[in-house]
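Asker:
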Amino acid sequence: MALFRFATDPPTRPLIRTQNLALRAPVATDYAAWAVLRMESREFLTPWEPVWNEDDLTRTSFRLRVKRAAREIATDEAYSLFIFDTRSEILLGGLTLGLVRRGVAQACTLGYWMGQRHAGKGYMTEAVRGALRFAFQDLALHRVEAACLPNNEPSKRLLERVGFQSEGMARAYLRINGSWADHLLYAALSSDHLPMEK
Numbered sequence: 047m048a049l050f051r052f053a054t055d056p057p058t059r060p061l062i063r064t065q066n067l068a069l070r071a072p073v074a075t076d077y078a079a080w081a082v083l084r085m086e087s088r089e090f091l092t093p094w095e096p097v098w099n100e101d102d103l104t105r106t107s108f109r110l111r112v113k114r115a116a117r118e119i120a121t122d123e124a125y126s127l128f129i130f131d132t133r134s135e136i137l138l139g140g141l142t143l144g145l146v147r148r149g150v151a152q153a154c155t156l157g158y159w160m161g162q163r164h165a166g167k168g169y170m171t172e173a174v175r176g177a178l179r180f181a182f183q184d185l186a187l188h189r190v191e192a193a194c195l196p197n198n199e200p201s202k203r204l205l206e207r208v209g210f211q212s213e214g215m216a217r218a219y220l221r222i223n224g225s226w227a228d229h230l231l232y233a234a235l236s237s238d239h240l241p242m243e244k
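Numbering-wise (this note's numbering), the sequence shown opens with residue 47 and increments by one.
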């Protein structure tokens with residue numbers, strides 16, 4: 047059972063801290079930084095994400111995102127977090143431990159995105175390692191699953207670097223950039239000997 051329970055307001059303290067990063071739920075005051083980062087990274091992110099809604103970057107849409115994230119954390123359904131550099135306090139991207147399944151599964155699904163100007167600098171590797179520690183230690187989960195497009199070489203390398211193991215291919219698994227796409231499936235288990243942080 048998760049150790050964190052919140053009311054309808056999002057938790058403002060980081061749920062995950064690493065050497066250089068803080069991961070916390072989005073709050074209303076994150077809107078401007080989030081909207082700028084997403085807009086300037088749109089072309090970079092488009093091949094790997096679902097089609098954006100017309101109102102995706104509006105303040106109203108963001109408010110709904112913040113409320114949903116707070117509700118899902120409170121009910122232990124998902125942990126949608128923003129990734130911040132602790133030195134500069136700059137928003138770098140986002141990470142979600144979603145679709146939390148309790149009972150006999152004790153599993154969740156990992157998803158992530160990084161702003162283009164911050165990609166390739168090791169931030170996501172550090173964030174995912176922190177998220178795995180949080181999932182296995184704080185949330186007491188047994189399994190974290192992830193999926194990526196077969197041609198997404200940076201994502202495949204990241205998952206393998208932090209200790210995910212390939213489990214096969216799922217046909218037409220997710221609708222990405224307007225089309226149903228095959229995905230490589232990965233998983234990490236709490237019993238795995240995951241690579242140590244640098």
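Ideal Cβ placement from N, Cα and C applies to all residues, glycine included.
Return the bridge partner residues of V190 from the DSSP annotation.
Answerer: In the DSSP output, where bridge partners are listed per residue, V190 has C154, A234.
Asker: Strictly by DSSP, which residues pair up with Y125?
Answerer: For Y125, which the question treats as bridged, DSSP gives the partners L143.
Asker: Does the distance from the C-beta atom of T171 to that of L127 stay below 8 Å?
Answerer: Their beta carbons are not under 8 Å apart, which means T171 does not touch L127 by this criterion.
Asker: Go ahead and pull the three-state DSSP assignment for L91.
Answerer: Three-state DSSP puts L91 in a helix.
Asker: From I129 to A71, what does the alpha carbon distance come to, in whole angstroms?
Answerer: Going by the C-alpha atoms only, they are around 9 Å apart.
Asker: Nearest by alpha-carbon distance to N67: which of A153, N223, Y169 is it?
Answerer: Correcting the residue identity first, residue 67 is Leu in this sequence and not Asn. Out of A153, N223, Y169, Y169 has the C-alpha closest to the C-alpha of L67.
Asker: In whole angstroms, what separates the C-alpha of Y232 from that of T104?
Answerer: Roughly 33 Å between the two C-alpha positions.
Asker: By how many angstroms is the C-alpha of F210 removed from the C-alpha of P241?
Answerer: So the two alpha carbons sit approximately 10 Å from each other.
Asker: Just list the residues that DSSP pairs W98 with in beta bridges.
Answerer: Beta-bridge pairing links W98 to no other residue.
Asker: For the beta strand (DSSP E) containing G214, list its first residue and its last residue.
Answerer: 211 to 222 is the extent of the beta strand (DSSP E) around G214.
Asker: When you compare each of Y158, V146, S225 to A186 by their alpha carbons, which one comes out closest?
Answerer: The candidate whose alpha carbon is nearest that of A186 is V146.
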